[in-house]
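Residue numbers (UniProt numbering): 1 to 349.
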């Protein structure tokens, strides 16, 4: 009798295991089918983020190479910059994943970096760097949330030199400090210029580093810039495979990180809302890494806490984070999409 009971228990257990496995497999397959061009990924190190396969709800709106992404946590909106012929250069989604609009503007040629200034003006504005070589290129442009052109920095269609501060040559990215309205621009996505420029809110040059090279405060293809809460400016010095750090007030050089980037260059730099981690995209190795942010006054050595290893040829280019929720958005050139990763616990940030 006991043997018969044991056999029944084993049979029931196996049936439950089979049912659970079947449900998990069905869920996985349905997610894979629903995600379309979504790519596999794995986390190395501490698991801090997970892929949200439900964002956006209709990924077929991506029709070109996705180069940049920017979040307005005030409006709950995500702006995605893409390149291609006869396609909208900026797509607008809600943070819930709904498609809201496409910018029907002819003033953008080849968008590279995109940034939302949330609090430096009465309403959020969207800044886009344009690296095109045509009549609208070599500029940094400010738009309204609906895509109306507000102002242009630089002389459109004319590549500049390092001698004139606001004459750009393929400007890579812009960062606007919400508290002060001060503007940081890295100028030189492969052009002649290799500069970091700080402007006041009224566009006066406060300080600048503008020399090509491998020395301190020199650059080779500065590609991304971010400012932390400790008056430090972080620059992805892509061509030199390092991140350089400066005092945001004086422009003084504070330190450099290179040991984390022996295999591939840093392409993008952004901070998590709690300022504990610096998020770095590495395009050629298809990685998004979280580096431990150093305390005030100490730069030290870089330390990778966690890495999101994306599939081959995804090519993560630039990233941004929602400063309220901590959600991470990644612009992927190879996969031609933007993806969202959510913190495992919202309390992390």
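Ideal placement from N, C-alpha and C gives every residue a C-beta, glycine not left out. Just so it is clear, the structure is predicted and the values come from calculations on it, not from any experiment.
Counting only runs that start and end inside the segment 162-191, there is no alpha helix (DSSP H) element of at least 4 residues. For residue 129, the enclosing beta strand (DSSP E) starts and ends at 125-130. In terms of Cβ geometry, residue 331 and residue 68 form a close pair [threshold 8 Å].
Sixteen is the threshold: since fewer than 16 other Cβ atoms of the shown chains lie within 10 Å of the Cβ of residue 211, the residue is exposed.
Straight through space, the alpha carbons of residue 88 and residue 131 are spaced by roughly 16 Å. Membership of residue 244 in the beta strand (DSSP E) is indicated by the continuous run 242-247. The secondary-structure analysis by DSSP pairs residue 255 across a beta bridge with 245.
Going by beta carbons, residue 311 and residue 41 fall inside the 8 Å limit. Counting other Cβ atoms within 10 Å of its Cβ, residue 47 stays below 16 and is therefore classed as exposed. It is roughly 33 Å from the alpha-carbon of residue 172 to the alpha-carbon of residue 345.
When rounded, the separation of the alpha-carbon atoms in residue 249 and residue 197 is 12 Å. Residue pairing of residue 277 in beta bridges, as defined by DSSP: 292. In the structure shown, residue 79 adopts extended strand secondary structure according to DSSP, grouped into three states.
As computed with DSSP, residue 222 is found in a beta bridge with 237.
For the pair of segments examined, the segment 132-148 was found to touch the segment 101-111: the number of CB pairs separated by less than 8 Å reaches three. The C-beta distance from residue 168 to residue 154 rounds to 4 Å, short enough to fall under 8 Å.
Around the beta-carbon of residue 275, fewer than 16 other beta-carbon atoms lie within 10 Å, marking it exposed.
As DSSP reads the structure, residue 65 sits in a beta bridge with 83. Going by beta carbons, residue 283 and residue 269 fall outside the 8 Å limit.
Distance from the Cα of residue 103 is smallest, within the candidate group 83, 205, 190 and 147, for 147. The continuous beta strand (DSSP E) containing residue 50 extends over residues 49-52. Here residue 206 really is in contact with residue 200; their C-beta atoms are around 6 Å apart, less than 8 Å. Residue 211 carries a strand assignment under DSSP once its states are collapsed to helix, strand and coil. With respect to the 8 Å criterion, residue 116 and residue 79 are classified as neighbours on the basis of their beta carbons. Residue 94: member of the beta strand (DSSP E) spanning 90-94, first to last residue. Sequence-distant Cβ neighbours of residue 97 in its own chain, meaning closer than 7 Å and more than five residues away, are 54, 55, 56 and 57.
Under DSSP, residue 282 takes part in a beta bridge, and its partners are 287.
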